[in-house]
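In what follows, a structure is listed as structure tokens, so that the remarks can point back to it.
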Amino acid sequence: MAENREGRRDPKALRALAHPVRVALMELLADRDRTATQCSALLGESVANCSYHLRTLAKHGYVEQVGGGREKPWRLASFRQNLVIDGVDDESDLASEAATEAFLEHDFDILRQGIRTRAREPEDWREATGVVSATTFVTLEEMRELRQDLMRVLQRFTDRLEDREARPADASQVRIVLGMTRRPGGGPEPAPPPGG
């Protein structure tokens with residue numbers, strides 16, 4: 265996925281993800297295989313536009329066509345995306361940043377929609393969902409440990425993406441967004457000068 269023949273991630277492939285329609289198409293395909301026509305109806309985009317963006321994603325190995333028939337459905341080639349190519353060169357850094365921002369915008373749109381429609385959700389779902397944020401102080405090692413703990417919790421459910429048989433009959437698709445960042449300028453205070 266987004267790698268060249270030598271196994272290095274390709275900035276051009278990451279740039280292909282930096283488009284809102286492509287991110288939305290990948291989200292739709294995470295639920296189930298769909299044709300360009302089905303994607304069009306759900307996204308409010310033309311069939312031609314969806315087909316174009318699906319072909320672009322396929323060119324870079326993110327999606328693939330399956331089955332027979334006149335209009336073959338598309339599916340995700342992988343449910344895991346790595347959007348980071350740190351420190352290779354400026355082109356890679358910018359491609360990684362653009363793809364990450366496209367996914368974040370998509371996630372924020374989903375969160376905003378969820379907030380706007382929350383009052384119309386069943387009470388049980390209203391109690392189970394919401395937005396949580398926290399600011400605290402941690403060391404680098406504690407931050408690594410926190411990330412690993414959160415990833416372990418998520419792993420209990422992420423296998424259901426690929427294994428549709430593992431999904432309970434009453435399961436709904438949900439979006440979980442975890443953002444962990446060091447606040448710019450939020451590093452440790454410099455030590456006071458000796459005797460000061």
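The numbering used here applies: residue 265 is where the sequence shown begins, and numbers increase by one.
Virtual Cβ for every residue (Gly too), placed ideally from N, Cα, C.
- Within the DSSP secondary-structure output, Arg298 pairs in a beta bridge with Trp338.
- Inter-residue distance for Ala430 and Gly449 is about 44 angstroms (C-alpha atoms, whole angstroms).
- Leaving aside the five residues that flank Lys336 on each side, the residues in its chain whose CB is nearer than 6 angstroms to its CB run, in chain order, Gln329.
- For Ser356, the closest C-alpha among the options Glu387, Asp427, Ala277 is that of Ala277.
- The alpha carbon of Gly308 has as its nearest neighbour, out of Gln377, Ala288, Leu340, Gly451, the alpha carbon of Ala288.
- Contact between Ala341 and Tyr326 holds: CB atoms are separated by about 6 angstroms, below the 8 angstroms threshold.
- With 16 or more other Cβ atoms inside 10 Å of its own Cβ, Trp338 counts as buried.
- Under the three-state reduction of DSSP output, Val330 falls in the coil class, being neither helix nor strand.
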